[in-house]
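Asker: Numbers 2 to 296, taken from the numbering used here, label the letters of the sequence shown in order. Ideal Cβ positions, reconstructed from N, Cα and C, are used throughout, including at glycine. As the structure is a computational prediction, the values presented were derived from the model and not from experiment.
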Amino acid sequence: MSDQSTSLREDRFSPIPRYWLGKERCSPWALAKVTRTDPLTVSLGVPLPMGLSKTPTAGQVIAALKIYIALVAMADDKKQERNVGKHCLRTTYEEIQLYLKLSRAMVCEGLKLLEATDAIERLGYKPLVYRIKGLDPDRADEWKGHVKLPKGHLFGMRRVSSSYPIMLSEYPKRGQTAMNGLVIYLLLLSVCQRDTNVSLISYDRMMERTGLSSKNIRQAIDLLVNHDLISVLRVTNESTLEAFGLPVPAQTLKGSPNVYLIKGVKGRRYNERINTLENYAALTANHQATQDFSE
2 MSDQSTSLRE DRFSPIPRYW LGKERCSPWA LAKVTRTDPL TVSLGVPLPM
52 GLSKTPTAGQ VIAALKIYIA LVAMADDKKQ ERNVGKHCLR TTYEEIQLYL
102 KLSRAMVCEG LKLLEATDAI ERLGYKPLVY RIKGLDPDRA DEWKGHVKLP
152 KGHLFGMRRV SSSYPIMLSE YPKRGQTAMN GLVIYLLLLS VCQRDTNVSL
202 ISYDRMMERT GLSSKNIRQA IDLLVNHDLI SVLRVTNEST LEAFGLPVPA
252 QTLKGSPNVY LIKGVKGRRY NERINTLENY AALTANHQAT QDFSE
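This is the structure:
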């Protein structure tokens with residue numbers, strides 16, 4: 002399997018482009034919004050956004066987002082770079098099915114959605130060859146920088162055997178809440194602070210970016226926590242942020258945002274021990290939290 006030539010350390014991360022995560026017309030949240038299109042609008046012949054020919058289901062969007070995450074991580078591989086070029090990967094339907102435990106039909110639909118929404122570019126068919134759009138600094142029309150995807154955490158089972166799927170294979174395959182969860186996960190990655198594994202964002206901002214209600218966001222976040230993708234710390238004042246070495250402008254605190262810890266990007270031992278501010282309080286005496294967070 003392609004990931005064997007690149008170390009899968011627990012804290013290994015791969016670059017995921019801001020290009021698709023930050024697009025206004027095409028983005029994970031724009032794709033998710035299409036699933037909520039009024040059927041009457043479709044029946045009247047009003048064109049769907051992004052040139053889609055039909056309204057995707059939540060399950061198809063979940064497949065697309067899972068596949069995108071997997072492809073980004075797979076492309077971050079020296080063997081792939083030698084074989085098909087930088088920021089590209091060669092794969093098969095069977096390999097994607099193994100990684101994510103998806104049906105062939107769902108893999109096909111997911112890939113079609115990613116191409117239609119400008120996330121990837123297909124360069125070959127048998128085997129499949131894709132370029133991850135937005136990772137090449139020399140392409141001025143695409144380059145917007147990148148953020149960290151926790152490859153080591155997501156691909157952890159494959160450290161045991163290359164015949165194992167990746168962590169996302171256990172994440173639900175159907176339902177609006179599961180789809181919303183992946184949308185929120187990618188949004189949190191897009192605002193994650195570069196030198197930490199922390200994303201600081203208010204519910205109001207998440208609602209503005211994704212079009213989801215606060216109830217939908219809360220349910221999505223609960224699902225991400227339950228599947229070991231993030232931890233949540235409640236933030237009510239500046240002193241809390243300072244305790245974690247996170248000086249932030251006072252205006253950022255409007256709406257009492259939470260601190261979201263992205264599992265696997267940095268400070269993994271910290272993540273293993275701390276999930277709430279109560280846990281943090283128990284560790285302040287020996288300054289262990291500060292030491293681990295800076296690792």
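Looking at the strands, I want to know which residues DSSP matches up with K149.
Answerer: Here residue 149 refers to the residue found at position 148 of the sequence shown. BP columns for K149 point to P16.
Asker: Note down the Cα distance separating V313 from R19, rounded to an integer number of angstroms.
Answerer: An answer regarding residue 313 cannot be provided, because it is not within the stretch 2 to 296 covered by the chain.
Asker: Among R195, P16 and C27, which one has its Cα closest to the Cα of L115?
Answerer: Numbered from its first residue, the sequence shown carries residue 115 at position 114. The shortest C-alpha separation from L115 is found at C27.
Asker: Excluding sequence positions up to five away, which residues of its chain have a Cβ less than 8 Å from the Cβ of L190?
Answerer: In the sequence shown, counting from the first residue as 1, residue 190 sits at position 189. Hits under 8 Å: I17, L22, V148, K149, L150, S200 and I263.
Asker: In terms of alpha-carbon separation, which member of R206, E171, M168 and R175 lies closest to I185?
Answerer: Taking the first residue of the sequence shown as 1, we reach residue 185 at position 184. That would be R206, whose Cα lies nearest to the Cα of I185.
Asker: Are the Cβ atoms of M180 and T36 separated by less than 8 Å?
Answerer: Sequence index remark: in the sequence shown, residue 180 carries index 179 (1-based). Sequence index remark: in the sequence shown, residue 36 carries index 35 (1-based). The answer is yes: Cβ separation under 8 Å.
Asker: Below 8 Å on the Cβ atoms is my guess for K80 versus L169; work out the distance and round it to an integer in Å.
Answerer: Counting from one through the sequence shown, the residue named residue 80 turns up at place 79. Counting from one through the sequence shown, the residue named residue 169 turns up at place 168. That pair is no contact at about 22 Å.
Asker: Would you identify the three-state DSSP class for E209, choosing helix, strand or coil?
Answerer: Counting from 1 along the sequence shown, the entry for residue 209 is found at position 208. E209: helix per DSSP, three-state reduction.
Asker: Kindly indicate which residue of V260, Y172, L225 and I222 has the alpha-carbon position closest to the one of V192.
Answerer: On the sequence shown, residue 192 is found 191 positions in, with the first residue counted as 1. Of the listed residues, the one whose Cα sits closest to V192 is V260.
Asker: Let me know if K145 comes out buried or exposed under the rule of 16 or more other beta-carbons within 10 Å of its beta-carbon.
Answerer: What you label residue 145 is simply residue 144 of the sequence shown in a count that begins at 1. So K145 ends up on the exposed side.
Asker: Between L136 and H88, how many whole angstroms is the CB-CB distance? I'm expecting something under 8 Å.
Answerer: Within the sequence shown, numbered from 1, the residue matching residue 136 stands at position 135. Within the sequence shown, numbered from 1, the residue matching residue 88 stands at position 87. With a Cβ gap of about 4 Å, L136 and H88 count as contacting.
Asker: Just tell me which of L234, Y94 and D78 has its CA closest to the CA of R13.
Answerer: As a first step, residue 13 is located in the sequence shown; it is residue number 12 there, counting from the start. When only C-alpha atoms are compared, the closest one is D78.
Asker: Given a cut-off of 8 Å on the beta-carbon distance, is the pair A74 and K152 in contact?
Answerer: Taking the first residue of the sequence shown as position 1, residue 74 is located at position 73. Taking the first residue of the sequence shown as position 1, residue 152 is located at position 151. Yes.
Asker: Given that a residue counts as buried once 16 or more other Cβ atoms are within 10 Å of its Cβ, and exposed if not, what is G60?
Answerer: Position 59 of the sequence shown, counted from the first residue, corresponds to residue 60. With 16 or more other Cβ atoms within 10 Å, it is buried.
Asker: Less than 8 Å between the C-beta atoms of P29 and L187, yes or no?
Answerer: Here residue 29 corresponds to residue number 28 of the sequence shown, with the count starting at 1. Here residue 187 corresponds to residue number 186 of the sequence shown, with the count starting at 1. Yes. Within cutoff.
Asker: How many Å lie between F156 and L45 at the Cα?
Answerer: Translated into the one-based positions of the sequence shown, residue 156 becomes position 155. Translated into the one-based positions of the sequence shown, residue 45 becomes position 44. For F156 and L45, the distance between alpha carbons rounds to 44 Å.
Asker: Give the range of the beta strand (DSSP E) segment to which I121 is assigned.
Answerer: In the sequence shown, counting from the first residue as 1, residue 121 sits at position 120. Element bounds for I121: I121 to G125.
Asker: Given a threshold of 16 other Cβ atoms within 10 Å of its Cβ, counted over all protein chains shown, does G111 qualify as buried or as exposed?
Answerer: Numbered from 1 along the sequence shown, position 110 holds the residue referred to as residue 111. By the neighbour-count rule (16 or more Cβ atoms within 10 Å), G111 is buried.
Asker: At the level of alpha carbons, what is the spacing between P138 and K55?
Answerer: The residue labelled residue 138 in the question sits at position 137 within the sequence shown. The residue labelled residue 55 in the question sits at position 54 within the sequence shown. Each residue's alpha carbon lies about 34 Å from the other.
Asker: So, using beta-carbon positions, are I133 and L72 closer together than 8 Å?
Answerer: For the purposes of this step, residue 133 is identified with residue 132 of the sequence shown, where counting begins at 1. For the purposes of this step, residue 72 is identified with residue 71 of the sequence shown, where counting begins at 1. In this structure, L72 lies closer than 8 Å to I133 by Cβ.
Asker: Exposed or buried, what is S232 when buried is set at 16 or more other beta-carbons lying within 10 Å of its beta-carbon?
Answerer: Along the sequence shown, one-based indexing puts residue 232 at 231. Buried, because 16 or more other Cβ atoms sit within 10 Å of the Cβ of S232.
Asker: Counting only the same chain and skipping the five closest in sequence on each side, list residues whose C-beta sits under 6 Å from that of Q220.
Answerer: Counting from 1 along the sequence shown, the entry for residue 220 is found at position 219. Closer than 6 Å at Cβ, skipping near neighbours: T178.
Asker: Would you list the one or two residues that DSSP bridges to T92?
Answerer: In the sequence shown, counting from the first residue as 1, residue 92 sits at position 91. In the DSSP output, where bridge partners are listed per residue, T92 has L129.
Asker: Measure the C-alpha to C-alpha separation of G268 and H228 and round it to an integer number of angstroms.
Answerer: Reading the sequence shown from its first residue, position 267 is the one you call residue 268. Reading the sequence shown from its first residue, position 227 is the one you call residue 228. Residue confidence for G268 is low, a pLDDT of 46 falling below 50, so the modelled location carries little weight and cannot support an answer.
Asker: Please list the terminal residues of the continuous alpha helix (DSSP H) segment that includes N227.
Answerer: Translated into the one-based positions of the sequence shown, residue 227 becomes position 226. Unbroken alpha helix (DSSP H) run through N227: S215 to N227.
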